[in-house]
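According to numbering that gives the first Met the number 0, the sequence shown holds residues 0 to 131 in order.
These notes are about the structure you will find just below.
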Amino acid sequence: MGVVSPEGLGGYAGQAELSGVQRLPFALMTMAELSLGLRAVGRESTGILFLDRPLSGTYLPLARDLRLLLRAGSSVLVGQPTPRGELGWLDLALASVLGPPGSYVPVRRPYTVYAAIGLLVEEAGMGGVGGW
Numbered sequence: 000m001g002v003v004s005p006e007g008l009g010g011y012a013g014q015a016e017l018s019g020v021q022r023l024p025f026a027l028m029t030m031a032e033l034s035l036g037l038r039a040v041g042r043e044s045t046g047i048l049f050l051d052r053p054l055s056g057t058y059l060p061l062a063r064d065l066r067l068l069l070r071a072g073s074s075v076l077v078g079q080p081t082p083r084g085e086l087g088w089l090d091l092a093l094a095s096v097l098g099p100p101g102s103y104v105p106v107r108r109p110y111t112v113y114a115a116i117g118l119l120v121e122e123a124g125m126g127g128v129g130g131w
């Protein structure tokens with residue numbers, strides 16, 4: 000039985016390993032860019048804001064990274080302070096299904112419980128940016 004190096008596979012094995020490592024920094028960078036953009040829009044002096052990506056293509060890669068984070072079972076995000084208390088695993092799990100404020104969650108199985116939670120959060124005026 001021989002040993003195959005990443006170079007012997009045309010670099011493919013090394014590339015697959017790098018793409019998995021690069022996902023978390025992409026998600027963090029994207030959230031940082033969106034946060035800075037949101038702050039800029041909140042200033043009266045901002046007339047126009049240019050982003051380097053369409054907003055429509057931003058949510059799905061972040062949702063994918065969040066699902067991978069939940070499967071991994073460990074994160075430095077858990078325990079981080081927020082205006083409503085420390086961030087927990089339940090917060091991340093709910094965010095992975097509920098999505099950003101205003102997202103539609105179907106009222107059918109298996110999403111019925113999540114749709115109800117989303118409605119309760121919206122009616123209570125809880126949540127982050129966007130008015131939840």
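We put the beta carbon where it would ideally sit given N, CA and C, even for glycine.
Span separating the alpha-carbon of residue i from that of residue j
i, j, result
"W131", "E122", "Model confidence at W131 stands at a pLDDT of 39, short of 50, so the residue's coordinates are unreliable; what they give is reported in the following sentence. Taking the straight line from one Cα to the other gives about 8 Å."
"M0", "L91", "Residue placement at M0 cannot be trusted, given a pLDDT of 46 that sits under 50; what the coordinates show is reported in the next sentence. Using only the alpha carbons, I get a separation of about 44 Å."
"L68", "S95", "10 Å"
"E85", "G78", "5 Å"
"T57", "V40", "18 Å"
"S44", "L37", "13 Å"
"G101", "L93", "14 Å"
"Y113", "P105", "9 Å"
Opening and closing residue of the alpha helix (DSSP H) in which residue i lies
i, result
"R63", "58 to 71"
"Y113", "111 to 123"
One or two residues paired with residue i in a DSSP bridge
i, result
"P80", "E85"
Residue of the options minimising C-alpha distance to residue i
i, options, result
"A26", "G84, I116, D64", "D64"
"L89", "R107, G72, P100, L118", "G72"
"T29", "P109, I116, S55", "S55"
Residue-level contact to chain C via CB, residue i, 8 Å cutoff
i, result
"G36", "Judged by its chain identifiers, the structure shown contains no chain C, having just a single protein chain."
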